[in-house]
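Take a look at the structure below.
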Amino acid sequence: MGAVRALSRRGARIERERKPKPSPFVVLFGSFDLFVEVVVLPEIEAGNLSRTDMVDVIAALRRWEEDGTWDRPV
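Quick note: the sequence shown uses my numbering, first residue 4, plus one each step.
Laid out in structure tokens, this is it:
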């Protein structure tokens, strides 16, 4: 009976590990779009970030967030 419980715990652990982990943007802001709205846009409006450059930066970060690059081992 102990072996069955151990196998069940192992299966549950494997399933947990396979679930996608939330990105840092989701953890800190709830979503990537909210990060852009709360952090990036106000900084652009304040003149602290370049509107032109941030289009490319946000596009790259969005790809990074969507494909899980942030979670890959180095």
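Glycine is no exception: its CB is placed at the ideal position from the N, C-alpha and C atoms. Bear in mind that the values here come from a model prediction, so they are computed numbers and not experimental data.
(message) Let's test the definition: count the other Cβ atoms within 10 Å of the Cβ of S53 and tell me whether it reaches 16, buried, or not, exposed.
(response) Counting Cβ neighbours within 10 Å, S53 comes out exposed, since fewer than 16 surround it.
(message) Excluding the 5 residues flanking V39 on each side, which residues of the same chain have their C-beta closer than 8 Å to its C-beta?
(response) In its chain, beyond the 5 residues on either side, I61 have a beta carbon closer than 8 Å to the beta carbon of V39.
(request) Taking the CB atoms as reference points, tell me whether E68 and F32 lie closer together than 7 Å. (result) Annotated as distal: E68 and F32, with beta-carbon spacing of 7 Å or more.
(request) Pull up the distance between the alpha-carbon of V42 and that of V7, whole angstroms please. (result) Cα-Cα distance, rounded: 49 Å.
(message) Measuring only the C-alpha atoms, how far is M57 from D74?
(response) Spanning the two alpha carbons is a distance of roughly 23 Å.
(message) Cutting at 8 Å between CB atoms, please list the residues of its own chain near R66, excluding the five before and the five after it.
(response) Taking R66 as the centre and dropping the five residues before and after it, the same chain places the C-beta of T72 closer than 8 Å to its C-beta, in chain order.
(message) What would DSSP say about A49, mapped onto helix, strand or coil?
(response) Coil.
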